[in-house]
Amino acid sequence: MKAKQDFDPILVDLKRSIFGKAIETFSQRGDGILHYQGRLCVPNVDELRNQILVKAHNSQYSIYLGATKMSRDLREVYWWNEMSRDIVEFVAKCLNCQQVKVNHQKLDGLAQETSIPTCKCEDLNMDFVTGLPSTHCQFDSIWVIVNQMTKSAHFLPVKTLFSGEDYVKLYIREMKGFGTQVKLSMTFHPLTDGQAKHTIQTLVDMLRACVIDFQDNWDDHLHLIKFAYNNSYHSSIGMIPFEALYGRRCRSLIVWFEVSELVLIGPRVCA
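Residue numbers are given in the UniProt record's numbering: position 33 of the sequence shown equals residue 33, and the series is strictly consecutive.
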């Protein structure tokens with residue numbers, strides 16, 4: 001990043017005028033890298049900016065995020081002129097997003113008051129993503145379980161032929177320990193929680209986009225989809241689900257040191 005900043009004449013002029021002091025929210029730290037309000041100033045280098053956008057949109061730890069989520073996440077770390085415009089144009093050109101994502105309309109009917117959960121794991125909303133390619137383990141659907149308060153989600157691979165008993169056993173094994181109760185609703189019913197339905201629609205778009213990449217082994221990557229969804233910004237709660245659930249967001253598994261250099265953190269979780 002430092003070397004690339006020297007190729008941007010605007011950033012070079014800013015560096016010369018600062019000399020270790022802050023000027024108009026710009027600052028230069030001991031490593032010589034220019035920052036804007038604490039964020040890295042990304043130079044006007046197409047290759048570098050495109051690499052950042054690619055990793056933020058369709059890497060294994062981002063999973064085809066929309067423009068709004070990408071913008072909120074990248075703005076915490078990076079800055080460049082007309083950054084939001086570049087993100088919108090990049091997402092609009094994504095072939096996978098064009099194939100699976102649609103414009104969701106507001107549900108008909110008057111808004112109804114819904115009960116507000118008093119604890120994080122009190123109420124759950126559920127839905128299914130069906131019609132997926134069958135995996136080697138014969139899974140062809142995904143059971144989506146969303147925490148109504150924090151909007152954190154769980155994805156469980158299931159089979160169309162599962163019986164009610166199979167779902168009960170799976171629920172007890174995966175979710176019962178959280179002390180939750182299920183909130184049942186009918187699809188597009190005006191008296192139910194439309195916010196939860198919108199959350200599930202977003203999940204469906206993300207999951208279908210991933211199936212295009214992973215094909216018949218998508219069930220092996222559900223943990224990555226879960227991480228990407230729960231570690232991205234959600235406008236309905238004004239924060240990241242992991243932040244609402246644990247008090248802070250999880251660090252990305254990819255750490256940038258130099259241009260074109262990525263370091264993958266191992267299984268050890270660092271605070």
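Even for Gly, the Cβ is constructed at its ideal location relative to N, Cα and C.
Asked, Found
"Residue(s) in a DSSP beta bridge with Val146", "Asn125, Ala153"
"Start-to-end residues for the beta strand (DSSP E) that takes in Gln28", "26 to 28"
"4 or more residues per run - each alpha helix (DSSP H) lying fully within the segment 218 to 248", "222 to 230, 241 to 246"
"Integer-rounded CB distance, given that Val77 should sit under 8 Å from Arg16", "The Cβ separation is near 25 Å, so there is no contact."
"Rounded straight-line distance, which links the Cα of Met1 to that of Ile87", "19 Å"
"Bounding residues of the alpha helix (DSSP H) (the contiguous stretch that carries Cys97)", "95 to 100"
"Cβ neighbour criterion (16 or more within 10 Å) applied to Thr202", "buried"
"Option nearest Thr130 by Cα separation, candidates Cys97, Leu124, Phe139, Asp123", "Phe139"
"Cβ-based neighbour list, Leu11, same chain, cut-off 7 Å, excluding 5 preceding and 5 following", "Gln5, Leu34, Cys41, Pro43"
"Distance CB(Cys97)-CB(Ala209) smaller than 8 Å", "yes"
"With 16 other Cβ atoms within 10 Å as the buried cut-off, status of Asp31", "exposed"
"Neighbour-count burial assignment, Pro9, 16 or more Cβ in a 10 Å radius", "exposed"
"Top-ranked residue by Cα proximity to Asn231, from Pro241, His223, Arg49, Tyr36", "Pro241"
"According to DSSP, residues forming a beta bridge with His35", "Ser27, Leu40"
"Residue burial classification, Ser84 (beta-carbon count within 10 angstroms, cutoff 16)", "exposed"
"Inter-residue spacing [alpha-carbon to alpha-carbon] between Val54 and Ala153", "24 Å"
"Per DSSP, cross-strand counterpart(s) of Val158", "Ser141"
"Residue range of the unbroken alpha helix (DSSP H) whose run includes Val88", "83 to 92"
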